[in-house]
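Undergrad:
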Amino acid sequence: MPLDIVRGAQMSFDMSGTAIQRVSGLIQIDFSIGNEYQVNYPLNLGSLMTQTGTLTADDQNGNGGISAGETIDHNNTDILFFDTIPDLSNATVLGVGYMGGIVSGLVVRYPVILVASGSSQYLIYPEGPPDLLTQVTGTLNTTLHFYANAQYYPGGGVPCFAGGTRIRTRRGEIAVEALRVGDSVLTVDDGYQPIRWIGSRHLSSGDLAMSPQLRPIRIRSGALGAGVPEVDLVVSPQHRVLVQAAVAERMLGEAEVLVAAKHLLALDGVEVAGAMAGITYWHILFDGHQLVFSAGAVTESLYTGSEALKSVSTAARDEIFALFPQLLAGVRPSPARPLVPGRLAARLAERISLNGKALVR
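Numbering of the sequence shown is given in the working numbering, commencing with residue 20 and proceeding in unit increments.
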């Protein structure tokens, strides 16, 4: 689902497949006793409408997400509904979180945004309800979870390192959060290259609970090959790792490819990181897409493709465009190695796991 939110200005984005529902009664979110607020909510499936129309958000704090206190407009275009949902104009976001329930014995959860317009409240489901709800009629008992300072981030996330990851530089191994613009980082292809831009984003425990797809991936020491990485490496799910396995050449015709960490979960020692209080992700950008040494493993720098640019904050995107104005014209850098798409990448990891071979030489 393509989404775009612009700081300080409203911009339309496609919300096809999104669901919206008028709240029965009013929900009073209260964080006075903690950072999470829960309320039982009977979900009337007959009033949960899938719609096409447009939704606009005013990203006032420029973080690339939808937060409490910001505003949303909604235009009901081509909607079939049972409960009349009016167009929403300047609706205030009251809370961001997720709805959880049990359908056919399975736990389901999906993001929700609670907004107020006039005297009514509405729940917006930006990613739509899961397919399992098509198996259920009537009313489903659910629980709404809202988190203080939580944000809904459109898009699938951006490749980045967790704080504490040590990057090989001219000054030695430096924690990513201690790097500065201009520092020379050792790259696989072009020797030492200066960092042009550094960005970061903090995700709270509430953000991670609401959007589990953003939970980091832990690659344990030695999981990619003998001594690779040297210590546990923690990266965002989209962060790509260099794969040099022979099976990659047989499957893809390429001796070296880049695979997102989340597609390596079939391998022993690669796992979604457990519960944590929060995480700060860091991304580093060079003049071109580079391969760097992180905890001894070869991984990518930030690749300024269209999906990555959607996923960084508006302020970050403005800074990147100022440094690389050619991106505004749609010019994209060449990737350092071929980027393997999702299903193919997962199949590659499964083949490597079955063969018991290392990912790197």
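Ideal Cβ positions, reconstructed from N, Cα and C, are used throughout, including at glycine.
1) Note down, in chain order, each residue of its chain lying with its Cβ closer than 6 Å to the Cβ of G307, except the 5 sequence neighbours on either side.
2) Using 9 Å as the threshold, is the C-beta distance between G120 and L159 below it?
3) Can you find the residues in the same chain that come closer than 7 Å, C-beta to C-beta, to S219, ignoring five residues on each side of it along the sequence?
4) Identify, in the order they occur along the chain, each residue of the same chain with its Cβ nearer than 7 Å to the Cβ of A294, setting aside the five sequence neighbours on each side.
5) So what's E249 in DSSP terms, helix, strand or just coil?
6) Thinking C-alpha only, which one of Q263, A279, G272, R269 is nearest V253?
7) Y166 and S223 look like a contact to me (Cβ under 8 Å); what is the Cβ gap, rounded to whole Å?
8) List the DSSP bridge partners of A334.
9) Please return the same chain residues whose Cβ sits closer than 8 Å to the Cβ of T162, not counting the five positions on each side in sequence.
10) Using 8 Å as the cut-off, can you tell me whether the stretch 130-148 makes contact with the stretch 38-47, which would need three or more C-beta pairs spanning the two stretches below that distance?
11) Against chain B, with Cβ distances strictly below 9 Å, would R187 count as a contact?
12) L367 and V260 - do their beta-carbons sit closer together than 9 Å?
13) Please confirm if the stretch 311-321 is in contact with the stretch 265-273, defined as three or more CB-CB distances below 8 Å between the two stretches.
14) Whole angstroms is fine: what's the gap from V195's alpha carbon to D202's?
15) Please go through the stretch 259-335 and give each complete beta strand (DSSP E) segment of 3 or more residues, from N-terminal end onward.
16) Could you tell me which of G315, P256, I91 sits nearest to R187, measuring between CA atoms?
17) Rounded to a whole number of angstroms, what is the C-alpha to C-alpha distance between T75 and S325?
18) Between which two residues does the beta strand (DSSP E) holding I52 run?
19) Measure the alpha-carbon distance for Q212 versus L277 and round it to whole angstroms.
20) Would you give the residue range spanned by the beta strand (DSSP E) that I214 belongs to?
21) Relative to the alpha-carbon of G288, which residue among S330, A245, G272 has its alpha-carbon at the smallest distance?
22) Strictly by DSSP, which residues pair up with E192?
23) Quick check: what's the CA-CA separation for L346 versus F340?
24) By the three-class DSSP mapping on this structure, what secondary structure does S240 have?
25) Classify I303 as buried or exposed, calling it buried when 16 or more other Cβ atoms lie within 10 Å of its own Cβ.
26) Give the secondary structure of S224 by DSSP, where H, G and I count as helix, E and B as strand, and everything else as coil.
27) Determine the direct distance from the alpha carbon of G124 to that of T184, and round the result to whole angstroms.
TA: Let me lay it out:
1) For this step, residue 307 is matched to residue 288 along the sequence shown. Cβ within range, chain order: P352.
2) Residue numbering aside, residue 120 sits at position 101 when the sequence shown is read from its first letter. Residue numbering aside, residue 159 sits at position 140 when the sequence shown is read from its first letter. Going by C-beta atoms, G120 is nearer than 9 Å to L159.
3) The residue given as residue 219 occupies position 200 in the sequence shown. Closer than 7 Å at Cβ, skipping near neighbours: T299, Y300, W301.
4) The residue you call residue 294 lines up with position 275 of the sequence shown. So no residue of the chain qualifies.
5) Taking the sequence shown and counting its residues from 1, the one referred to as residue 249 is at position 230. Residue state, collapsed to three classes: coil.
6) Working through the sequence shown from its first residue, we reach residue 253 at position 234. The shortest Cα separation from V253 among Q263, A279, G272, R269 belongs to A279.
7) Here residue 166 is taken as the residue at index 147 of the sequence shown, counted from 1. Here residue 223 is taken as the residue at index 204 of the sequence shown, counted from 1. That belief holds up - the Cβ atoms of Y166 and S223 are roughly 7 Å apart, short of 8 Å.
8) For the purposes of this step, residue 334 is identified with residue 315 of the sequence shown, where counting begins at 1. Answer by DSSP bridge pairing: none, since A334 is not bridged.
9) Here residue 162 refers to the residue found at position 143 when the sequence shown is read from its first residue. The answer, listed in chain order, is Q57, V58, N59, Y60, M118, G119, G120.
10) yes
11) This model lacks chain B altogether; it includes just one protein chain.
12) Here residue 260 refers to the residue found at position 241 when the sequence shown is read from its first residue. Here residue 367 refers to the residue found at position 348 when the sequence shown is read from its first residue. No.
13) no
14) What you label residue 195 is simply residue 176 of the sequence shown in a count that begins at 1. What you label residue 202 is simply residue 183 of the sequence shown in a count that begins at 1. If you take the alpha carbons of V195 and D202, they lie about 11 Å apart.
15) 259-262, 276-279, 289-291, 297-304, 310-313, 316-319
16) In the sequence shown, the residue the question calls residue 187 occupies position 168. Comparing Cα positions, the closest option is G315.
17) Counted from its first residue, the sequence shown places residue 75 at position 56. Counted from its first residue, the sequence shown places residue 325 at position 306. Going by the C-alpha atoms only, they are around 20 Å apart.
18) The count along the sequence shown starts at 1 and reaches residue 52 at position 33. First-last for I52: undefined, no H or E at that position.
19) The sequence position of residue 212 within the sequence shown is 193, counting from 1. The sequence position of residue 277 within the sequence shown is 258, counting from 1. Their Cα atoms are separated by approximately 20 Å.
20) Sequence index remark: in the sequence shown, residue 214 carries index 195 (1-based). No beta strand (DSSP E) contains I214, which DSSP labels as neither H nor E.
21) In the sequence shown, the residue the question calls residue 288 occupies position 269. Out of S330, A245, G272, A245 has the C-alpha closest to the C-alpha of G288.
22) In the sequence shown, the residue the question calls residue 192 occupies position 173. According to DSSP, E192 bridges with R187.
23) The residue labelled residue 346 in the question sits at position 327 within the sequence shown. The residue labelled residue 340 in the question sits at position 321 within the sequence shown. Cα to Cα, the separation comes out at about 6 Å.
24) Translated into positions along the sequence shown, residue 240 becomes position 221. Note: S240 maps to coil in three-state DSSP.
25) Within the sequence shown, residue 303 is the residue found at index 284, counting from 1. Burial call: buried.
26) The residue given as residue 224 occupies position 205 in the sequence shown. Helix at S224.
27) Numbered from 1 along the sequence shown, position 165 holds the residue referred to as residue 184. Numbered from 1 along the sequence shown, position 105 holds the residue referred to as residue 124. For T184 and G124, the distance between alpha carbons rounds to 39 Å.
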